[in-house]
Every structure is written in structure tokens, then in C-alpha cells.
Amino acid sequence: MIQLRNISKKFANGHVALNNVSLDIENGEFVFLVGTSGAGKSTIIKLMMKELELDSGMILINDKDVTKLKRSQVPHLRRSMGVVFQDFRLLQDKTVYENVAFAMEVVEASQKEIRRQVPMILGMVGLSKKSKQYPHQLSGGEQQRVSIARAMVNGPSILVADEPTGNLDPEMSWEIMKLFNEINQRGTTILMATHDLHIVDRMKKRVVEISDGNIIRDEKRGGYFSENQNR
Amino acid sequence: MKIRTAKFFVKEGFGSLRKNKTMSAASISSVIAALLVIAIFFIIVMNVDYAASKLESQIEMMVYLQDNLSETIVSSMSKELETISGVKDVQFIPKAQALMDLNEKWGDNAYLLEGLEGENPLPDSFKVTLTDPSKANTVALAISSISNIERVVYGKEELEKLLQATYILRVSSLVIITILVFISVFIISNTIKLTVYARRKEISIMKYVGGTDWFVRGPFIVEGMLLGLFGSFITSLAVGIGYYYSSNLIKNQMIGLLSVTLMPFGELISSLVLLLGTVGLLIGIVGSFLSVRKFMKV
Chain A
7 MIQLRNISKK
17 FANGHVALNN
27 VSLDIENGEF
37 VFLVGTSGAG
47 KSTIIKLMMK
57 ELELDSGMIL
67 INDKDVTKLK
77 RSQVPHLRRS
87 MGVVFQDFRL
97 LQDKTVYENV
107 AFAMEVVEAS
117 QKEIRRQVPM
127 ILGMVGLSKK
137 SKQYPHQLSG
147 GEQQRVSIAR
157 AMVNGPSILV
167 ADEPTGNLDP
177 EMSWEIMKLF
187 NEINQRGTTI
197 LMATHDLHIV
207 DRMKKRVVEI
217 SDGNIIRDEK
227 RGGYFSENQN
237 R
Chain B
120 MKIRTAKFFV
130 KEGFGSLRKN
140 KTMSAASISS
150 VIAALLVIAI
160 FFIIVMNVDY
170 AASKLESQIE
180 MMVYLQDNLS
190 ETIVSSMSKE
200 LETISGVKDV
210 QFIPKAQALM
220 DLNEKWGDNA
230 YLLEGLEGEN
240 PLPDSFKVTL
250 TDPSKANTVA
260 LAISSISNIE
270 RVVYGKEELE
280 KLLQATYILR
290 VSSLVIITIL
300 VFISVFIISN
310 TIKLTVYARR
320 KEISIMKYVG
330 GTDWFVRGPF
340 IVEGMLLGLF
350 GSFITSLAVG
360 IGYYYSSNLI
370 KNQMIGLLSV
380 TLMPFGELIS
390 SLVLLLGTVG
400 LLIGIVGSFL
410 SVRKFMKV
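Which chain is which? The protein sequence lines are A and B, in order.
Numbers in our numbering are just positions in the first sequence, counted from 1, shifted up by 6.
Numbers in our numbering are just positions in the second sequence, counted from 1, shifted up by 119.
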């Protein structure tokens, strides 16, 4: 469960990224965060990951106050969330298997758990046959699936994605969205920031639109643009 | 720390060394350069110190006795001298012996002694060697309080100068080696920073998936340790071999010319290896710690 309570963030250069924003996301929801570049979508994600500090307000993730966490507790917060980026962020000198296993090694999982969990998750994203290949041997869509596998391998309750289809063509994008949908159906909460209007329109999920640091729309089953807005 | 975590650190640390061969070679070279300077300085200091302590240990105290003391008095005095703390050895030199020694010492000029016409103006004496030359003053004072003693003579001023010089040498060498260590840490951390920079993506991924600060540092610190140890191993080997041959060479060439020789290889090498190993390890660890710090803020 994600709860944002009156959060504000102003950057050092004076730009107001978020202005008194409140948002509740229930367990198991699938939420699109839309809006123009610089509207504050990525800032929300960074604040949730505690990569940035809030100016005021409160963020509760699974009922824990993120703003009160000490630096040493941040790793545990991040283990409850998987993250996927537009640029995949895979390690080029590691194989698909190693890239995913790496995320488990970092949280000090045992080799036994790693050997059980990694093939399973690679099967889920449909990359079992490519586990020994390196990222540069894969298509963009496959690389993004590796990064989704890495985000999910430690079993987080929330999956956060920042423009996950930004570097992919429409067909690949749709494959990724099907995977997201599947993950969501298994109970993982998904928060995805995106520019991709086709996907948002086609998925018919909850849409939260941000503009200039304010939430201007929150629809249960929305499209990329609001109904009463001229296209 | 869990064993598998340690294994992971070692695996990643070694892996990074192998993958970044050029950078590793550059880092090891700068470790070697820094350690070489420290090693050369250390060898100079150790040798000067060695020579100084050799000179110190040669310092003797002459205790001149009053005339015509009976043998029993002399032997009881000898025993009394030996009980004074700081006295290593006491040797009685009867006046006849002293005259013979003088005769020998003066060599060609010994004819001057002929003018004495059989008289011996020299007193009986004790030659006293000390366990710790810096306590010469107290020992001299204690000896003077024994009865029947005419005079206690030792190179007081020379001894004090020597003690002061070795003290200054020891302190300043410590200061200079400390400064050198700091400079090397700076150089190493800059070199390692380049490898860390190349791997900043890896660091940020580790942080995103919930790696703790210590976990992220681990492999880099292992890498730094390995760089430092490789560097100190190569330096020790090079300096050790170099010292072994040059000390032999100097010993063979100059044995007649100088009374002070180079510190023997066997005495120097263990402390040299220990120093280089420790310093190498230290600069590796501190260097990588410092260079990772900047990239931890994710």
C-alpha cells in the first residue's frame, strides 16, 4: 500500500516539482502516472525510493513512514519495491542469469535460494532459453524483461516502473505490458510512470495525471487524456 | 558477516581485477611507486638507526681508581659495580695493562713513553659497558658514590649528541613515512576512483535492489586490498633482492674502509615486508573506501 500525504518537493534551482500532493494506492492496484516531462512523475518515484528527501508531507509504504527511515534502513525499504527503468540498467559484462542472480546476491540470499528462484523468474518473463546470453545479444524488449525479472526476483510487494516502454517499439511495449498485467494479477501493486498514450488507453487502468507538481486527474478506468479534454 | 557474503566480495573483487586489467595494472603501478619511495626511505632510516645503535652500544665508561688499593678492595668494588642497574659488564684493567695498551695504541710514537723511565703514572681502572646508553648519567652518578674512586669518564657530550640525533631521526622518519602514506592514499584513491567510476552503474543497481552501504563497498574494498597486496608483494620482492645484492657488494668492497656496514639483510627484511604489506593493505582499503564514498549517494 502506498500513501502520499501532502508531499511537496522544491529543487535547489527553485523549481517546484511537487506541490502538496496526496495519493493513495491500494494493494494489488495497477496505476499509471501520466503527465508531461518535468511534471513530477519521476520525482514521486525517487521520493518513494528515498533517493530524494521530501520538503514536507509524509510517504507511507506498507504502513511504514519512509520519511522517518534512517540511511541504514533504506535498503530494507527498497527490497520491498522492485524498480524498472527506461534504459534497463543491466550489467553488460554479466549474463542474463547473472544479472538476475546479482539482485539476490546483493540481498545476501543463499546459493540454494538463488538456484531455485532465478530460473523460475526467468521462466515467468519467458527468457529461460536466453539465460546464458549477454544483454547486447538481446533485443530491447528482452533486455527490459531481464530487468523486470531482476526487479521481481526478491518478491517485492510493489513494482515501480519509470517509462519502461520508452525505448521500445509498440509491439515490444505491448509484450512488456502483458507481462506487467500478469505480475499485477499475481498480487503485486504496480505504479508505472509513462508517456505512452496507446498503452494507457488500451490497458484501461487507474490513471493519475500530474501537471506542474499537482494531481489534476485521478480516474478509475481512464485513458491517457481526460474524457472532456479536446484531443 | 555471512560466509557467502565474504565469498561474494572475494569473487566480485577478483572478477573486477580481471575485467579491468588496464586499470588494475595502473593502480598496482602507483601502489608500487608509492611503496618504493617509502621502502627506500625506510631502508635509509633503518641503516642510520642501525649505525647509531651500534655506536651507542660501543660507548664505554672508564672508572679510575685511587692508588694502592688492596686486591680485596678492588674485587669488592668490582662486585659493587656489577650490582648497579644499567651496567652490562665490568672489566678490571690494572695499571700495567693500561700502560701496555697505551704503548700499543700509540704505535710509532710509543717512544715518548720511554721518558717515564719505568714509572707508571696510570691508575688502575674499570672498563664499564652499559645496557642502555641513555641512562649513562645515572650510572655515572651511582658509580661516583662508591668509595675509593678517583674519577668517572665517558664521552658525555658526544653521547648526548648521538642520542639526540637518533631521537630526531626516529621522530622525523615517522613523520615523513606518515606523510608519504597519506600522499599514497590520495594517489591510490584517485586511481581506484576511475575503476569505481567505470562501475558506477553497478553501484547504483546494487543500491536500487536494496544493497546496504557495506555490501556495496565490500567488493571494492577487497579489490583495493588485493591491489595493495600485489603492489607490496612486488615492491618487497624488488627491494629485497636489490638490498640483498647491494649489501653484499658493499660488505665485500668496503669492509676495510668503514667500521660501520649496512644493516644485515636478515635483520631488515622482515620489518620491511611487514611495513610494506601493512602500508599496501592500508592504502588499498582506505583508497577504495574514499573513492566509493562519492558514488554511494543513490
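Virtual Cβ for every residue (Gly too), placed ideally from N, Cα, C.
So is B:LYS326 buried or exposed if we call it buried at 16+ other beta carbons inside 10 Å?
By the neighbour-count rule (16 or more Cβ atoms within 10 Å), B:LYS326 is buried.
May I ask you to list the residues that DSSP assigns as paired with A:VAL27?
Answer by DSSP bridge pairing, in chain order: A:ILE13.
Alpha carbon to alpha carbon, what distance is there between B:ILE203 and B:LEU232?
Distance between B:LEU232 and B:ILE203, taken at the CA atoms: about 36 Å.
Between A:GLN9, A:SER28, A:ASN19 and A:ALA18, which has its C-alpha nearest A:GLY219's C-alpha?
Residue A:SER28 holds the alpha-carbon nearest to the alpha-carbon of A:GLY219 among A:GLN9, A:SER28, A:ASN19 and A:ALA18.
With a threshold of 7 Å between beta carbons, is A:ALA167 in contact with chain B?
Not one chain B Cβ lies under 7 Å of A:ALA167.
Can you tell me where the alpha helix (DSSP H) holding B:MET165 begins and where it ends?
Counting along the chain, the alpha helix (DSSP H) containing B:MET165 begins and ends at 140-176.
What residues of chain B sit near A:HIS82, judged by a beta carbon separation below 8 Å?
What A:HIS82 touches in chain B: GLY329.
To the nearest angstrom, how far is it from the Cα of B:VAL247 to the Cα of B:ALA171?
Each residue's CA atom was taken as its position, placing B:VAL247 and B:ALA171 some 19 Å apart.
If we count the other Cβ atoms within 10 Å of its Cβ and call it buried at 16 or more, is A:SER137 buried or exposed?
Its Cβ being crowded by 16 or more others within 10 Å, A:SER137 is buried.
Is the beta carbon of A:PRO162 sitting closer than 7 Å to the one on A:MET87?
Inclusion of A:PRO162 and A:MET87 in the CB contact set at 7 Å is warranted, their separation being smaller than that value.
Which residues, in order along the region 108-122 of chain A, keep a beta-carbon less than 7 Å from a beta-carbon of chain B?
Listed by position along the chain: ALA109, GLU111, VAL112, VAL113, GLU114, SER116 and GLN117.
Paired residues, beta bridge with A:ARG223 - DSSP
Looking at the DSSP assignment, A:ARG223 forms a beta bridge with A:GLU215.
Quick check on A:ASP99: does DSSP put it in helix, strand or coil?
Correct three-state label for A:ASP99: coil.
Please decide whether B:MET325 counts as near chain A, where near means a Cβ-Cβ distance under 7 Å.
Interface criterion met: the Cβ of B:MET325 is under 7 Å from a Cβ in chain A.
Which residues of chain A have a Cβ atom closer than 9 Å to the Cβ of B:LYS138, listed in chain order?
Those are ASP99, listed as they occur along chain A.
Beta-carbon separation of B:ILE262 and B:VAL272 under 7 Å?
No Cβ-Cβ contact shorter than 7 Å links B:ILE262 with B:VAL272.
Apart from the five residues just before and just after A:ARG227, which ones in its own chain have a Cβ nearer than 6 Å to its Cβ?
Same-chain partners within the cutoff: LYS210.
Have a look at B:LEU376 and B:PHE133 and give me their C-alpha separation to the nearest angstrom.
With a pLDDT of 47 at B:LEU376, under the threshold of 50, the modelled position of this residue cannot be trusted; read the value that follows with caution. Roughly 52 Å between the two C-alpha positions.
Straight-line CA distance for A:LEU144 to A:ALA155?
Whole-angstrom Cα-Cα distance: 14 Å.
Note down the Cα distance separating B:GLN210 from B:GLY406, rounded to an integer number of angstroms.
Approximately 57 Å between the Cα atoms of the pair.
Residues of chain A with CB under 9 Å from B:THR124, in chain order?
Here the neighbours are GLU111 and GLU114.
Less than 6 Å between the CB of B:GLN177 and some heavy atom of the ligand FAD, yes or no?
The model on display carries no ligand, and the ligand FAD is accordingly not part of it.
Using C-beta distances below 6 Å, list every residue in its chain close to B:ILE340, excluding the 5 sequence neighbours before and after it, in chain order.
Take B:ILE340, set aside five residues on each side of it, and the residues of its chain with a beta-carbon closer than 6 Å to its own are ILE404 and SER407, in chain order.
Pair within 7 Å by beta-carbon distance, A:GLY2 and A:LEU66:
Outside the displayed span of chain A (7 to 237) sits residue 2 of chain A, for which this structure offers no information.
Note the first and the last residue of the continuous beta strand (DSSP E) segment covering B:PRO245.
The sequence as given places Phe at residue 245 of chain B; Pro does not occur at that position. For B:PHE245, the enclosing beta strand (DSSP E) stretches over residues 244-249.
Measure the CB-CB distance between B:GLY347 and B:ILE402 and report whether it falls below 7 Å.
For the pair B:GLY347 and B:ILE402, the CB atoms are nearer than the 7 Å cut-off.
Is B:PHE408 helix, strand or coil when you go by DSSP?
When DSSP states are grouped into helix, strand and coil, B:PHE408 belongs to the helix group.
Within 10 Å of its beta-carbon, does B:MET382 have 16 or more other beta-carbons around it, so buried, or fewer, so exposed?
Around the beta carbon of B:MET382, 16 or more other beta carbons sit within 10 angstroms, so the residue counts as buried.
Using a Cβ-Cβ cut-off of less than 8 Å, give me the residues of the region 306-326 of chain B that come near chain A, in sequence order.
Cβ contacts with chain A: LYS320, GLU321, SER323, ILE324, MET325 and LYS326.
Per DSSP, A:ALA199 forms a beta bridge with which residues?
Paired residues: A:LEU39 and A:ASP168.
Determine the chain A residues that contact B:LYS121 at a beta-carbon separation under 8 Å, and present them in chain order.
Chain A residues near B:LYS121: GLU114.
For A:ASN160, which residues in chain B fall below 8 Å Cβ to Cβ?
Those within 8 Å of A:ASN160 in chain B are VAL328 and GLY329.
Going along the region 52-79 of chain A in order, which residues come within less than 9 Å of chain B, judged by CB to CB distance?
Listed by position along the chain: MET55, GLU57, ARG77 and SER78.
Residue burial classification, B:MET180 (beta-carbon count within 10 angstroms, cutoff 16)
With 16 or more Cβ atoms within 10 Å of its Cβ, B:MET180 is classed as buried.
Anything in chain A within Cβ reach of B:PHE127, meaning under 7 Å, just list it in chain order.
Going along chain A in sequence order, the residues near B:PHE127 (Cβ under 7 Å) are GLU111.
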